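Number of protein chains: 2
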Amino acid sequence: MGHVHFVGAGPGNPELLTLRAARLLNEADTVLYDALVGPEILKMIRPGARRISVGKRAGCHSMGQSEINRRLVSEARRGGRVIRLKGGDPAIFGRLEEEVAALSAHGIGYDICPGITAASAAAASAGVPLTLRGKVRGVRFLTTASCPEEPNDTAWGRLAGGEETLAFYMARSALVRIARRLAAAGMSSSMPVLIVEAVSMPQERIRAATLAEVGAGALTADPAQPVLLMIGHALGAYADRKTSFTRVTALSHCA
Amino acid sequence: MGHVHFVGAGPGNPELLTLRAARLLNEADTVLYDALVGPEILKMIRPGARRISVGKRAGCHSMGQSEINRRLVSEARRGGRVIRLKGGDPAIFGRLEEEVAALSAHGIGYDICPGITAASAAAASAGVPLTLRGKVRGVRFLTTASCPEEPNDTAWGRLAGGEETLAFYMARSALVRIARRLAAAGMSSSMPVLIVEAVSMPQERIRAATLAEVGAGALTADPAQPVLLMIGHALGAYADRKTSFTRVTALSHCA
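As given, the protein sequences belong to chains C and L, one line each in that order.
Counting along the first sequence from 1, when you hit position 26 you're at 26 in UniProt numbering, and nothing is skipped either side.
Counting along the second sequence from 1, when you hit position 168 you're at 168 in UniProt numbering, and nothing is skipped either side.
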């Protein structure tokens, strides 16, 4: 009946794969992978395995979700070790449910290997924590889809309190809008912001700003890279620590 | 002047270490590690490296934070490859800021290797996503310290909306209190809950319940294991999927 391993590829740097993910890729017969999974990780797939790109990248034409689901089912039915390789962590903003539902409807089993999610990797790359004891008591992972269009919606007020670090995934086109709405909802104009592009990759770029600067449109993001927008008191340490912190983004090849 | 690698050990299963973390442990001269980092991961430290347990485990007597900071500084000054090995992801509920501040005060540099955080591993172990497109639009990581004592505090209302998956770390003693306060703040009594003990380890235990059942005290947690309390619509799939989902918790030894 087939079986599918959902595997988190992490943020992009192959060294941030888990040992389990690396082992599964090394044992794969078929790998269906997202466009954001980079070439260095694809090199870790067992030679001889079938590699199937299934999209999808914001703004680019690629396979639709229902077609991905169909393809996943048909590949699982062929048998062998089938891996569905997803960027980041499969459980977070990965449409995992839709693919699992398709498999389950056909009686196909699955398991999941977690991955490093972008916000963890971004905090590591920036040398800052996401929580501060007694001050920043939690972390929220969001997308722009989490953000209501209405600027006066109470949901913005719930985000603006500053008691949690906010990490907006896939935020490239929404930087100014998010910053302005948080400011309008009462967040301090001096709240630290990090804009992190291509986290963990050689082309990684981290820029620090305040909420007011982002709202004023002072920072734009590279249209070719995935963008994470991080907001919160805990990120303020980035600017203070540049002398002692060492960024680690070099790619190393894995056996 | 020394240098410290902060390394995330992940939730406990050595296969969930990143490749970078495994490499760093294999190159270490000195490793300062938390009590929750298990023996299977400690076996991955380079033979001959100094291993220093620095606590800390809820409810047990162990080294205080200021003593950990002092020890970290003194080990870094001795030189060599010094690793500060922390459970989960160093950026999330890991008191990273306090240790980094101590290093920075002495001019000691550092870098950070991210780790799989417990909520990602728990979702993977349970075979469920943390977000659902169009329905569960985000994820929040919290501790009981995030939860005000006052049952009518508006903070509870902000948590009770059901639009995000809530993951409460270190939740063993607060299961009933959290569930009751969320219910009092308006969360549905049928909201799916997972209580996950010892995530990713051979003794892992996952139990599904409703918010009402947890609030009624129907489930208690093993005092010897770390406990994650997860609440939200996305977790409801766990009960439906037991036939197709394969749990993966076996420990495999790593070279």
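Don't be surprised by glycine CBs; every beta carbon is placed ideally from N, CA and C.
Predicted model, so just to flag it, every value in this text is computed and none were measured.
- Cα atoms of residue 123 of chain C and residue 95 of chain L: separation of roughly 13 Å, rounded to the nearest angstrom.
- Boundaries of the alpha helix (DSSP H) harbouring residue 215 of chain C: 211-215, taken from the DSSP string.
- Among the residues of chain C, those whose CB is under 7 Å from the CB of residue 22 of chain L are 19, following chain order.
- Residue 5 of chain C is not a Cβ neighbour of residue 89 of chain C, given a cutoff of 7 Å.
- Chain L places a beta carbon closer than 7 Å to that of residue 139 of chain C, counting this residue as a contact.
- What residue 110 of chain C touches in chain L, judged by beta-carbon distance under 8 Å, is 127, 244, 245 and 246, going in chain order.
- Shown here, residue 5 of chain L sits in a strand according to DSSP, grouped into three states.
- Pairing residue 8 of chain C with residue 109 of chain C gives a Cβ-Cβ distance that is not under 7 Å.
- Our two residues, residue 70 of chain L and residue 134 of chain C, have alpha carbons roughly 21 Å apart in a direct line.
- One finds 241 and 244 in chain L with Cβ atoms closer than 7 Å to the Cβ of residue 104 of chain C, taken in chain order.
- Within the DSSP bridge table, the entry for residue 93 of chain L names no partner.
- As computed with DSSP, residue 230 of chain C is found in a beta bridge with C:167 and C:194.
- The C-beta distance from residue 52 of chain C to residue 25 of chain C rounds to 14 Å, too long to fall under 8 Å, and the pair is not in contact.
- For residue 41 of chain L, no pairing in a beta bridge is given by DSSP.
- When DSSP reads this structure, residue 132 of chain L sits in a beta bridge with L:136.
- The alpha carbon of residue 132 of chain L has as its nearest neighbour, out of L:154, L:237, L:176 and L:244, the alpha carbon of L:237.
- From the listed residues L:183, L:104 and L:162, the smallest Cα separation to residue 76 of chain L is found for L:104.
- Comparing alpha-carbon positions, the option among C:79, C:169, C:174 and C:138 lying closest to residue 161 of chain C turns out to be C:138.
- When C:194, C:154 and C:176 are compared, the shortest CA-CA separation from residue 167 of chain C is found for C:194.
- Under a 10 Å Cβ-count criterion, residue 222 of chain L is classified as exposed, with fewer than 16 other Cβ atoms of the shown protein chains found around its own Cβ.
- Ranked by how close their Cα comes to the Cα of residue 200 of chain L, the residues L:128, L:181, L:120 and L:92 have L:120 in first place.
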